[in-house]
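**Student:** In our numbering, the protein residues as written are 40 to 298.
Note that the Cβ used here is the ideal one computed from N, Cα and C, for glycine as well.
Below is one structure. I have some questions about it.
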Amino acid sequence: MAPKPRPPVPNPYSVDYSPTDRAICKGCDGRIAADSVRFLRKVWSPWHDGFDQQKYHLRCGFKFTSHLSEVRGWQALRWEDVMKVVVKFGETIDEKNPVVQKYKKRSSCVWALVDLLKELPKKQLLPILDANEIFYNEVKISALEAALIIADGILFGRFPPCPLCDTRALLQEGCEIRCRGYMPNSSMRCSFRFILDDLLRPSRKPDNSATGVDASSLERKELFILPPEAQRVPSLKGWKPPTDAPEVFKLGNPMSGQK
Numbered sequence: 040m041a042p043k044p045r046p047p048v049p050n051p052y053s054v055d056y057s058p059t060d061r062a063i064c065k066g067c068d069g070r071i072a073a074d075s076v077r078f079l080r081k082v083w084s085p086w087h088d089g090f091d092q093q094k095y096h097l098r099c100g101f102k103f104t105s106h107l108s109e110v111r112g113w114q115a116l117r118w119e120d121v122m123k124v125v126v127k128f129g130e131t132i133d134e135k136n137p138v139v140q141k142y143k144k145r146s147s148c149v150w151a152l153v154d155l156l157k158e159l160p161k162k163q164l165l166p167i168l169d170a171n172e173i174f175y176n177e178v179k180i181s182a183l184e185a186a187l188i189i190a191d192g193i194l195f196g197r198f199p200p201c202p203l204c205d206t207r208a209l210l211q212e213g214c215e216i217r218c219r220g221y222m223p224n225s226s227m228r229c230s231f232r233f234i235l236d237d238l239l240r241p242s243r244k245p246d247n248s249a250t251g252v253d254a255s256s257l258e259r260k261e262l263f264i265l266p267p268e269a270q271r272v273p274s275l276k277g278w279k280p281p282t283d284a285p286e287v288f289k290l291g292n293p294m295s296g297q298k
C-alpha cells in the first residue's frame, strides 16, 4: 500500500539565532556558529507523525525560497541582522521613513535589555514568565527566547490572552504580533497573526480582516510583573532605556519597586 500523502507543511521557513555551535548545516555540512543567523526548514518527519526542523546557514537555506514573505522570524532579529536578511532576499527598507524609524528604535531598546537578561540562567528567567502567567514549553524554550519575551513585557506591558486560543502567549516581533501557543485540548499550534505595519512598504495599511479582531483588542493594559528576586538582579538595577524609545514604560516601570 502506498503511503498516505501528507499535506503541505505550514509556515516551513523561519530564521533565528543559533543557540550553540553544535548544529551542522544540512546544506554544506559545516558548523553553524553560535549567535549567528540560521535558516530553519520544517519538514514532515519520516520517523514520527510530526515535523522535524532542518538547520542551515542563511546562505545555504536561501535556495529553498526567494520570497521574504514566506520566512518567519526575521523581524525579531537585531536590527543590523534584519537589514542583512532583507538585502539577502532582494528587498529594501527605507530607514528614513518615520514608521520604520519607530520599529528600529524599538528593536534597539528590546535587544539592549535582552543582552542583560540572556546572561541569566534559564532557571532564573522562567519564574518571571510564571509570574505573568505566560505560556512556554519548559523543554523547548531557550534562554534567549525567554529573555525576548521578558524584555518585551518589561518595556511595553503584558499582552492580553490570544483572541483565538485564549492562551497568554502573544509576542510582538517587529511589526507583527503572533501567538506561540496551542489550540485548546490540541497539539495544533495556534495560527493567530496580526500585522501592525509593513516594514517593506510602510505606506501600505495591512489587512487583518481575516483575524476578526482589531488592534485595540490587542492593546496592552497591564503592567508586566517582576518578582522581587528578579528586581534585585544587579544587571537590571542599573539599566535605563533610551529616552527616545517609543512607548517604553507607557504603563509604568516594573522595576520601579526595586529596593
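1) Checking the sheet assignment: what are the DSSP bridge partners for L79?
2) Let me know if K298 comes out buried or exposed under the rule of 16 or more other beta-carbons within 10 Å of its beta-carbon.
3) Nearest to P200 by alpha carbon, out of D133, E130, V252, V139?
4) Quick one: what's got a C-beta closer than 6 Å to E134's C-beta in the same chain, skipping five residues either side?
5) Assuming L155 and S255 are in contact, meaning their beta carbons sit under 8 Å apart, how far apart are those beta carbons, in whole angstroms?
6) Is E119 helix, strand or coil when you go by DSSP?
7) E109 by DSSP, collapsed to three states: which one?
8) CB-CB under 6 Å to L235, same chain, minus the five flanking residues each way: which ones, in chain order?
9) Can you give the Cα-Cα distance for W113 and K162, rounded to whole angstroms?
10) Would you check if there are 3 or more beta carbon pairs closer than 8 Å linking the stretch 100-115 to the stretch 167-176?
11) Runs of 4 residues minimum, wholly inside the stretch 131-159: which ones carry the alpha helix (DSSP H) assignment?
12) From N50 to K94, what does the alpha carbon distance come to, in whole angstroms?
13) Determine the burial state of K157: buried for a count of at least 16 other Cβ atoms within 10 Å of its Cβ, exposed for fewer.
14) Rounded to whole angstroms, what's the CA-CA distance from P266 to I167? Just pull it up for me.
15) Taking the straight line between their C-alpha atoms, what separation do you get for P280 and R271?
16) Just reading off the beta strand (DSSP E) that E215 is part of, what are its end residues?
17) Might you give, ordered along the chain, the residues of its own chain that have their beta carbon closer than 6 Å to the beta carbon of F15, omitting 5 neighbours on each side?
18) Is the beta carbon of L209 less than 9 Å from the beta carbon of F288?
**Tutor:** Short version:
1) When DSSP reads this structure, L79 sits in a beta bridge with S53, K94.
2) With a pLDDT of only 40 at K298, under 50, the local geometry of the prediction cannot be trusted, and the value read off the model is given with reservation. So K298 ends up on the exposed side.
3) Relative to the Cα of P200, the nearest Cα in the group D133, E130, V252, V139 belongs to V252.
4) Result list for E134: empty, nothing under 6 Å.
5) The beta-carbon distance between L155 and S255, rounded to whole angstroms, is 32 Å. This is too long to meet the 8 Å contact definition.
6) Note: E119 maps to helix in three-state DSSP.
7) Reduced to three states, the DSSP call for E109 is helix.
8) When the five nearest sequence neighbours on each side are left out, the beta carbons in the same chain lying within less than 6 Å of the beta carbon of L235 are those of C214, in order along the chain.
9) For W113 and K162, the distance between alpha carbons rounds to 27 Å.
10) Fewer than three pairs of CB atoms, one per stretch, sit closer than 8 Å, so the stretch 100-115 makes no contact with the stretch 167-176.
11) Listed in chain order, the complete alpha helix (DSSP H) runs (minimum 4 residues) inside the stretch 131-159 are 137-156.
12) When rounded, the distance between both Cα atoms is 15 Å.
13) Residue burial is scored here from C-beta neighbours: K157 has at least 16 other C-beta atoms within 10 angstroms and is therefore classed as buried.
14) Rounded to the nearest whole angstrom, the C-alpha separation of P266 and I167 is 7 Å.
15) Inter-residue distance for P280 and R271 is about 18 Å (C-alpha atoms, whole angstroms).
16) Per DSSP, E215 belongs to the beta strand (DSSP E) from 215-218.
17) Limits of the chain in this structure are 40 at one end and 298 at the other, which puts residue 15 out of reach.
18) Cβ atoms of L209 and F288: not closer than 9 Å.
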